[in-house]
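Residues 5 to 290 (our numbering) make up the sequence shown, in order.
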Amino acid sequence: MPQQRFYTLTASCPDRVGIVARVSGFFAAHGGWILETNLHADREDNRYFMRIEVKAESLPFLLAELRERFRPLAEEFGMTWKITDSAVKKRVVVLVSKQEHCLYDLLSRWQSKELDIEIPCVISNHDTFRGFVEWHGIPFHHVPVTSDNKAAAYAEVQRIIEDVRGDCIVLARYMQILSPELCEAYPGRILNIHHSFLPSFVGAKPYHQAYQRGVKLIGATCHYVTAELDQGPIIDQDVIRVDHSDSVEDMVRYGKDIEKAVLARGLRYHLEDRVLLHGNKTIVFR
5 MPQQRFYTLT ASCPDRVGIV ARVSGFFAAH GGWILETNLH ADREDNRYFM RIEVKAESLP
65 FLLAELRERF RPLAEEFGMT WKITDSAVKK RVVVLVSKQE HCLYDLLSRW QSKELDIEIP
125 CVISNHDTFR GFVEWHGIPF HHVPVTSDNK AAAYAEVQRI IEDVRGDCIV LARYMQILSP
185 ELCEAYPGRI LNIHHSFLPS FVGAKPYHQA YQRGVKLIGA TCHYVTAELD QGPIIDQDVI
245 RVDHSDSVED MVRYGKDIEK AVLARGLRYH LEDRVLLHGN KTIVFR
């Protein structure tokens, strides 16, 4: 049975009395059938967050008119907001280096429709996975990155993303530090999987760092990319227990499973508009 089409409103604004009543009243006045509602009040910052799904066929107008009709209410409450359409598939550009597990997992979930997305291309700084990606019918772009060509390389990466109209970018173990310009071009749209339970063990070889520290838990973190390395807003995390008998190689092997699951989960939350940014934190409506 095909999933019913719905519109998703996500919004945040200064907290005050009457926000929910006015928004739900707006949809009710137009016959809107609310399917799901998520709400959160941040008491420290006095800010309100919401996510509302409305059955598309219950409204007497299409998305463009819905946005225009909602705009005055949003302006009245000083909202940061957007409305998306579940019928429009997100276009996800994947960046990868030479670690295959996250790429394989994402393409498997895409092929099985578990992630109902479009992947217009895969970009890599190595040519390793060209055959695998093109076998799936997905264009592959090899953009080498060296210490001498980084500005030009990331300009080319951005050109490709713009050319394929990418909605979001996923770093599936892309082992390069993106330029500040590229990070700033897509705020809240670049997702990374870091093979560590941030904020611990940032940068390279976190499993080696964790082994040397003698930790009892290792994990992975899906976060938005900012110009500051591994410091962007966190979307999802998970951990697994280890002990003194586990080697670095064991930790790497355990970690790969966590990385795949956390990246896929974080990406799903993003695609379903369940993540609202709040400074360097996130509100995630699961």
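Glycine residues also receive a C-beta, built at the ideal position from the N, C-alpha and C atoms.
Cβ shell of residue i (< 6 angstroms), same chain only, five flanking positions each side left out
i: LYS102; result: HIS130 and THR132
i: CYS187; result: VAL229, THR230 and ALA231
Helix, strand or coil at residue i [DSSP, three-state]
i: GLY259; result: helix
i: GLU48; result: coil
i: TRP85; result: strand
i: PHE65; result: coil
i: VAL288; result: strand
i: GLU122; result: strand
i: GLN241; result: strand
i: GLU253; result: helix
i: TYR158; result: helix
i: HIS198; result: strand
i: GLU57; result: strand
Cβ shell of residue i (< 8 angstroms), same chain only, five flanking positions each side left out
i: LEU275; result: LYS94, VAL96, LEU119, ILE121 and CYS172
i: ARG245; result: LYS220 and LEU221
Buried/exposed call for residue i, threshold 16 Cβ in 10 Å
i: GLU40; result: exposed
i: PHE65; result: exposed
i: PRO76; result: exposed
i: GLY259; result: buried
i: ARG177; result: buried
i: GLU79; result: exposed
i: HIS212; result: exposed
i: SER200; result: buried
Residues of its chain near residue i, where Cβ-Cβ distance is below 7 angstroms and the 5 sequence neighbours each way are ignored
i: ASP277; result: THR12, THR14, ARG55 and THR88
i: GLY82; result: CYS17 and PRO18
i: GLY270; result: LEU195, CYS226, ILE239 and ASP240
i: PHE30; result: PHE74 and LEU77
i: ILE164; result: CYS125, ILE127 and HIS145
**Message:** Count Cβ pairs between the region 265-282 and the region 228-245 that sit closer than 8 angstroms; are there 3 or more?
**Reply:** The region 265-282 makes contact with the region 228-245; the number of CB pairs closer than 8 angstroms reaches 3 or more.
**Message:** For the region 11-25 against the region 43-50, do three or more pairs of beta-carbon atoms, one drawn from each stretch, fall closer than 8 angstroms, so that the two count as touching?
**Reply:** The region 11-25, when compared against the region 43-50, does touch it at the 8 angstroms Cβ threshold.
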